[in-house]
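Working notes, structure below.
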Amino acid sequence: MRTAGLDAAQLGRSLAQVADGEEDHVDLFLERLERHEVPDEESGPGAISCRETGLAVRLLRSGRTWLSARDRVGPEELAGALRQVARAVPNAAYLPDVALPDPWLEEYSGSELIAFPRRVREGIRREGVAFPTKMHMARHRRWVQVVGTRLIPAAQTEDFYSLVVAMPWGSYGALLADLGDEAVATVVKILVQWFEAREAPPFAEARRERVVLGPAATAVFLHEAVAHALEADTLALVGSVEAACGVRLARESVDVLDDPTSAPAALRRDSDDEGMPTIRRWLLKGGEVREPLADLVHAESSLLLSPGAGRRGSRHLAPVPRSYHLELLPGGAGTEDLVAEAEGGLFLPVASRGTLDPLSGEVEMAFPFGRRIGADRERDLVGPCRLRGTVAELLSSVESVAAETRFSGAGWCGKGGHRLPVWATCPALLLEDVEVLE
Amino acid sequence: MRAELCFERVAAALRRKGLDRVELYFKQGRSRRFELGPQGVVSSQASEEGWAVRASSERASLFAAGSGELPERVAWPAADGFPLTLPVALPAVAWRELPGIDAPLLVESEGIELLTALERRLREELSGATIVRAVLDDGASVGEIVNSNGVRASNRCRSVSLHVEAAALREGVWVRVADLAAAREPGALRLERTASRLTDRLAVRLRGRPADRDRVPCLLAPPVGARLLGAMLPVLLAGTGRGGQETGAVLGSRRLTIVDDPTLAAGPLAAPVDGEGVPTRAVKLVEQGVVRELLSDWRSSDPELRRPAGQARRPSWREPPRVGPSHLFIEPDPEVAATSLLAALPRGFYAVDVLEPPRVDGRSDAFRLVASGFSVRDGVAERPVSRAVLAGRLSTLLKGVQEVARDLSFAPLGAMIGAPSVLVQSLDVGPD
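These protein sequence lines map, in sequence, to chains Y and P.
In terms of this note's numbering, the first sequence opens at residue 149 and continues consecutively.
In terms of this note's numbering, the second sequence opens at residue 162 and continues consecutively.
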C-alpha cells in the first residue's frame, strides 16, 4: 500500500457526481483498525493481531440513507461503492487516487499488554491478599478519514486499551486510556474490594436508599441516564427531538457536557465519524436540557440541533448520534464529605452494566458490590445489587456533586448493534432516595 | 481454492520464524442490510473479505488477521502463549447441497417492502402498534481453510435474519417487545408469524397485570425456552469453571434431551466442517436428562474415546475459532402438540415472551426468568400477565421438565438456539 496522501480534491469531485441536488449529502469514510490482544497466560494460544482497512460511501437524500462498504481500499473498490450508492452508472469514470497513509509503520511488540497483568497481580499481593485472576488485555487503535464534497477534516485517531478480568465470583471489565501506575492502582483497588465482598450477603429486598456513586459508576450513570436519553434517535422514538430542549431533568447543580475535544490526547477528536466538527455540547445546563446529541440525519431537518455527534461502530454501519466524552462539572463538596452526608446509605464504586429503555425511560444499573456507609465510617460490604428508576426520577435525585473529577472509560456501548467505547470525566455523585434492589 | 494458492508462501514465511504448524483461513462474502427506525430508511450493501492465520511452534503460537487480500509480506506478531495443535485431515462427511443456498440476496425494493409490509400488518392487527426498529440482514459467504496437517476444506453459507422491536402505548406508558428470526433464505422467514408474535406479545403487555405470587406448573413457549437454553450455555461447555456439568451427571428429567447439530439441513448455520476444518456431526449433549457430552475442544479429549464433533465456531475472520454450538436445541417430541399441553393444565402459567435476558448460574444452581404470558385455568388462558418473575433452582427447573411438544423453533442468539413448548412442574412465579 502506498503511503502517499489522499487526493482529496479528486475524491470530492467523484463524490459530487453521486449527489443529485443541493440537499443531498455524500461522504466517503476511510478507516484503519488495529487490535492486539494478549489472552490470559492460562487461556491457550498466544497473541492476537488484527489489522483491517476499508471504506464506505454514504448518500443521504430526503431522509433515506444508502451505504456501500468494502474491506479493501483502492480505486476499484471506491468506484464500485459509488456505483452501488448512486444506483446508476455515472457519466464520468470514477478512478480517483485512493490510498491510505499508513499511520502505524512501527512493529508492535505488545510488551505493555503482557506486563500489565503482572503489575496488577503484584499490586494485589502488596494488599496482602491472593486470588485467582484471568486477565485478557487488548489495545485498540483506530484511524479515520472522512471526505465530503465540501468538508475534508483532518484524519482522526483513537488509541486505548481494554481489560477483562475473570474471577471465580465474576468478571470485571474496563476501558483504559493508558496502562500507567494510576491505571494499575485503580484496577487493583477494585479487584481487591470485590474479593473482599465476594461472600457479602446479597441485597435483601427492594427499598429506597441514599446512594453515593463513585466516579467510575457515575460515568455509567451519565452514559445511560443523560447521554442515551438525549440522543436524537432515542428522543425521535417518542416525539419531537427539539421538544426536549428546555425541559428540566435535574437540579441546578447538574451540568453535563459531551466534549470530544477535551478527552485525553490519545482519544481527542475534533471531528466526528461524519467529518463534522465536534463541539463542546451542553447536554444539561443548570439541570435543563440544552442540546441533544445529533448527527447529520437529525440535525439536517432542525434549526436547534447541531451535528458533530455522529459515530459509527464500523464502516459497515451507518452513523448514529452517540456521546463520546461526557463531563459532569464538579461541585463544591469533597468526596469524603459527600460520603459522610450519605450516612446509612450505600457507596457503589463501580457498575457492571447499565441499560436504558428508550421508550419507558427506565434506567437500570447493576453493581457487583457495594459498601454500607456507617456512622463511624466503617463500611460493611454489600453483595450485588441493582439501581432502578426513570431518567427523570434518577436525575432529579442528584443531591450533591463532588469536587474531584476523574477520567475513566464508561465501557463499551452496544446500542443499535454498534460497539463503541465511551468515556467520561466526572466526580462522585450523591443520589437521594433511589430504588435499590437485589 | 484461493487459500491453497497462498498457503505455501505463508507457511514458508512462518517456518523461517520457527513456526511449522500453520493454518490459513479466507472468508469472502456479500451482504445487504435494510433498516427502518429512528435513522429513517437505511439500505446498506457490503463486500466483505478477510484472512486469518494461526501458527505455532512447540512452544508458542500466534494469530494474525486482516481485511482484504493477504499481503505479500505480513508483519507477524511475536508468538507467545501456549503452543497450538492443529487438526489433521479427517474423512469428509457426506454432504448434500443445502436447499436455498443459491437464492439471490434481496434487492433494495424487496428488502424495504418486506419491512414496510411487516409494519402495515402489525398496525392492522393491533391498532396503535408501531415498529420502533426493524433490521433485515441478508448475506452469503464462502470460507476456506487449509492447514499444514493436510486439512483442505471450504464451506458456503447463506442466511437471513430479522430483528424487530415494536411498541404500543398503555395508559401513557410505552410497552416494547422484540422478536428475532433467522432462516437460510428470505422466503423461509414467515413474516406473517413475526407480525402475529409481536401482536400477541404487545397485547399481553397492554392488557395484562403483574403476576400474583404462586407456585404452579409453567408452560414455556418456544421463544422462552430458547432464551433460557441460550442462557444455560456455560453449563454445557466443558471446562468453563462456571458450574459446567460432568458427563454422567443427571441434569434434567427423562423428557429433556439437548442436541447440538451443525448438520441440520434447514439450519442457516449448517456446515460440513467447523471453523477449523473438522467434520461436523450432531451430538446429544444431554440424553433423557443425563449429560452425555459437553461442547468441547477436540484437543481436550482422547480421540480413541470421543470422535471430534466439529464444535469450533468462527463467525468472523477477525477472531480465532472458539468452542460453541451451531444449532443447539431441546429435542422435540413429534407426538405431542403444544395445544395439548396447555389443555391439560388445570392451573398454571403460560410464558410467551421474555422481558429481560434470563440469568442462569450453574455454579449456584440458580435461574431467574422475567416473562409475560397468561395465567391458565382448566386448560384455558385465563388472563394476560404483563410481568412475572420465575426464579429458583436451575436443577428444579430442568428436573421438573414433564413434557416437550413438537413445535421446535429457533432464534438467532449468537448461534441458532431452539426449543419446543416445554411443560415444567411447579415453579415459583411472582411479581418483582
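Every residue, glycine too, gets a C-beta built ideally from N, C-alpha and C.
Considering only C-alpha positions, which residue in the set the options is nearest to residue i?
i, options, result
"D494/P", "G540/P, A566/P, Y186/P, E437/P", "A566/P"
"E258/P", "L330/P, Q189/P, G428/P", "G428/P"
"L453/Y", "D188/Y, D443/Y, V340/Y, A286/Y", "D443/Y"
"L352/P", "R282/P, N310/P, I491/P", "R282/P"
"L456/P", "S487/P, L267/P, A432/P, L430/P", "S487/P"
"D219/Y", "A229/Y, S210/Y, S257/Y", "A229/Y"
"T557/P", "E196/P, E210/P, L417/P, A278/P", "L417/P"
"A164/P", "R177/P, W212/P, A173/P", "W212/P"
"P260/P", "P581/P, A432/P, D514/P", "A432/P"
"E580/Y", "S544/Y, P516/Y, G160/Y", "S544/Y"
"C393/Y", "R417/Y, G434/Y, Q304/Y", "G434/Y"
"Y186/P", "G229/P, R234/P, S205/P", "G229/P"
"E390/Y", "P440/Y, L159/Y, R358/Y", "P440/Y"
"G461/Y", "T297/Y, G564/Y, E344/Y", "G564/Y"
"D568/P", "I419/P, D181/P, A382/P", "A382/P"
"A278/P", "P592/P, V420/P, L197/P", "L197/P"
"L584/P", "L287/P, S322/P, P378/P", "P378/P"
Using a beta-carbon distance below 7 Å, is residue i in contact with chain P?
i, result
"D307/Y", "no"
"E526/Y", "Note that E526/Y scores a pLDDT of 49, beneath 50, so its modelled location is shaky; the value from the coordinates is reported in the next line. Not closer than 7 Å to any Cβ of chain P, the Cβ of E526/Y fails to qualify, so no."
"Q341/Y", "no"
"G202/Y", "yes"
"H464/Y", "yes"
"Q158/Y", "no"
"D593/Y", "Here chain Y comprises residues numbered 149 to 586, so residue 593/Y is not present and cannot be evaluated."
If you count every other CB in all the chains shown that lies within 10 Å of the CB of residue i, and 16 or more means buried, which is it?
i, result
"R356/Y", "exposed"
"V171/P", "buried"
"E330/Y", "exposed"
"L451/Y", "exposed"
"P481/P", "buried"
"A173/P", "exposed"
"R294/P", "buried"
"V452/P", "buried"
For a contact defined as C-beta to C-beta under 9 Å, what are the partners of residue i on chain Y?
i, result
"F224/P", "E185, P193, G194, A195, I196, S197, C198"
"R337/P", "D505, P506, L507, S508"
"A505/P", "Within chain Y, no residue comes near A505/P; the closest Cβ sits about 35 Å away, beyond 9 Å."
Residues of chain Y with CB under 7 Å from residue i, in chain order?
i, result
"V334/P", "S508"
"R479/P", "C198"
List, in order along the chain, the chain P residues whose C-beta lies closer than 7 Å to that of residue i?
i, result
"L385/Y", "P199, V293"
"R212/Y", "G201, V202"
Taking residue i as the query, report the chain P residues whose CB atoms sit under 9 Å from its CB, ordered along the chain.
i, result
"R220/Y", "S208, E210, S228, G229, E230"
"V468/Y", "P199, Q200"
Counting only beta-carbon separations shorter than 7 Å, does residue i have a partner in chain Y?
i, result
"D494/P", "no"
"A240/P", "yes"
"F243/P", "yes"
"D216/P", "Note that residue 216/P corresponds to Ala in the displayed sequence, not to Asp. Chain Y contact via Cβ: absent."
"A387/P", "no"
"A236/P", "yes"
"A221/P", "yes"
"L328/P", "Before going further, note that residue 328/P is Ala rather than Leu in the sequence given. Taking Cβ atoms only, chain Y reaches closer than 7 Å to A328/P, which makes this a yes."
At 8 Å on the CB atoms, spell out the chain P contacts of residue i, in chain order.
i, result
"S216/Y", "S205, Q206, A207"
"S257/Y", "A239"
"D381/Y", "G198, P199, Q200"
Less than 6 Å separating the Cβ of residue i from some heavy atom of the ligand FMN?
i, result
"A411/Y", "In the structure on display, the ligand FMN does not appear, and there are no ligands present to speak of."
Chain B beta carbons: is any one of them nearer than 7 Å to that of residue i?
i, result
"V550/P", "The displayed structure is made up of protein chains Y and P, and chain B is not among them."
*Name the residues in the segment 562-574 of chain Y whose C-beta lies less than 8 Å from a C-beta of chain P; which are they?*
G564, G565
*Chain-ordered residues of the segment 440-459 of chain Y with a beta carbon less than 7 Å from chain P*: V445
*What are the residues of the segment 416-436 of chain Y that lie near chain P, defined by any Cβ-Cβ distance shorter than 7 Å?*
none
*Going along the chain, which residues of the segment 432-444 of chain P sit with their C-beta nearer than 9 Å to a C-beta in chain Y?*
none
*asked:* Counting only Cβ-Cβ distances shorter than 7 Å, please list the residues of the segment 221-233 of chain Y near chain P, keeping chain order.
replied: Q232
_Residues in the segment 171-183 of chain P having any Cβ partner in chain Y nearer than 9 Å_ = none
*Quick one, which residues of the segment 342-353 of chain P are near chain Y if we go by CB-CB under 7 Å, in chain order?*
none
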